[in-house]
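**Student:**
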Amino acid sequence: MQAFTQLSGLVLPIDRANVDTDAIIPKQYLKSIHRTGFGANLFDDWRYLDPGEPYMDHGKRRINTGFLLNDARYQNAQILLTRENFGCGSSREHAVWALVDFGIRVVIAPSFADIFLTNTVNNGLLAISLEPSLIDRLFAEVSTNPGYRLTVDLEAQNIGTPSGESIAFAIEGFRRHRLLQGLDDIGLTLLHAEEIRTYEKNWAKAAPWLF
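If you want this note's numbering, it's the 1-based position in the sequence shown plus 497.
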């Protein structure tokens, strides 16, 4: 898993509350267990005017020019700004895979669904909760400043704005550690690989009939 330390990136504002995981990546695309290839269908029902299916040529579909993901001003955005209860609905991890595969490394919102938040940690996506009043202010600044960028520093736990303001954010300590070190569940387990091998070796001697 890619570690996260600091990022300066373009902000994509999606001013909607209760964005569920089916909106982030529709159910028909959940046919792969690989973590890549989902970015093309991120927010698929909002990006395109035609219905989509897996393995089709999405370049031939009619795009929704009213959706910001299709706006040239927000191409290559890495920071998603949105509203409360982001990632609600089903527990599909594919929603986080789609965001990361598209290039999003940070999501800023007032709140997140619990399972979605867990999935972000396992995939190197930093989810930051801020007070609604701060979210309102960031949306206002993005709308009046084309090319609006933020600098997110996980080690210092702050967000730097173009005006020089520093916004502190809180994050649970273990989640912060895992993101800084790039450790998913497998990575955490492998930190104890030598201890596991020693345990297995000793257990094989004590109970050889089990091996």
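Built from N, CA and C at the ideal position, the CB exists for glycine as well.
Is there contact here, the stretch 550-566 with the stretch 621-638, by at least three beta-carbon pairs under 8 Å?
**Tutor:** Touching, no, given that fewer than three Cβ pairs across the two stretches are closer than 8 Å.
**Student:** I need the DSSP call for residue 646, collapsed to helix, strand or coil.
**Tutor:** The sequence position of residue 646 within the sequence shown is 149, counting from 1. DSSP places residue 646 in strand when its eight states are reduced to three.
**Student:** For residue 622, name the three-state secondary structure that DSSP assigns.
**Tutor:** Within the sequence shown, numbered from 1, the residue matching residue 622 stands at position 125. Looking at residue 622 - three-state DSSP - the assignment turns out to be coil, as it is neither helix nor strand.
**Student:** Which of helix, strand or coil does DSSP assign to residue 509?
**Tutor:** Position 12 of the sequence shown, counted from the first residue, corresponds to residue 509. DSSP places residue 509 in strand when its eight states are reduced to three.
**Student:** Are the Cβ atoms of residue 644 and residue 613 separated by less than 7 Å?
**Tutor:** One-based indexing of the sequence shown puts residue 644 at position 147. One-based indexing of the sequence shown puts residue 613 at position 116. Not in contact: residue 644 and residue 613 (Cβ atoms no closer than 7 Å).
**Student:** Mark residue 680 as exposed unless 16 or more other C-beta atoms lie within 10 angstroms of its C-beta, in which case mark it buried.
**Tutor:** Numbered from its first residue, the sequence shown carries residue 680 at position 183. Buried, by the Cβ-count rule.
**Student:** Work out the CA separation of residue 536 and residue 618 for me, nearest whole Å.
**Tutor:** Stepping through the sequence shown from its first residue, residue 618 is reached at position 121. Stepping through the sequence shown from its first residue, residue 536 is reached at position 39. Rounded to the nearest angstrom, the two C-alpha atoms are 18 Å apart.
**Student:** Quick one: what does DSSP say residue 529 is sitting in, helix, strand or coil?
**Tutor:** The count along the sequence shown starts at 1 and reaches residue 529 at position 32. Correct three-state label for residue 529: coil.
**Student:** Between the Cα of residue 590 and those of 580, 518, 692 and 655, spot the shortest distance and give me the residue it belongs to.
**Tutor:** For this step, residue 590 is matched to residue 93 along the sequence shown. Considering only alpha carbons, the answer is 518.
**Student:** Name, in chain order, the residues that DSSP records as bridge partners for residue 516.
**Tutor:** Counting from 1 along the sequence shown, the entry for residue 516 is found at position 19. According to DSSP, which records beta bridges pairwise, residue 516 is partnered with nothing at all.
**Student:** Going by DSSP, what residues sit across from residue 657 in a beta bridge?
**Tutor:** Position 160 of the sequence shown, counting from 1, holds the residue named residue 657. Beta-bridge pairing links residue 657 to 648 and 663.
**Student:** Could you tell me which uninterrupted beta strand (DSSP E) segments, each at least 3 residues in length, are contained entirely in the stretch 562-593, listed from first to last along the chain?
**Tutor:** You should have 576-578.
**Student:** State the beta-bridge partners of residue 503 as determined by DSSP.
**Tutor:** The residue labelled residue 503 in the question sits at position 6 within the sequence shown. Beta-bridge pairing links residue 503 to 650.
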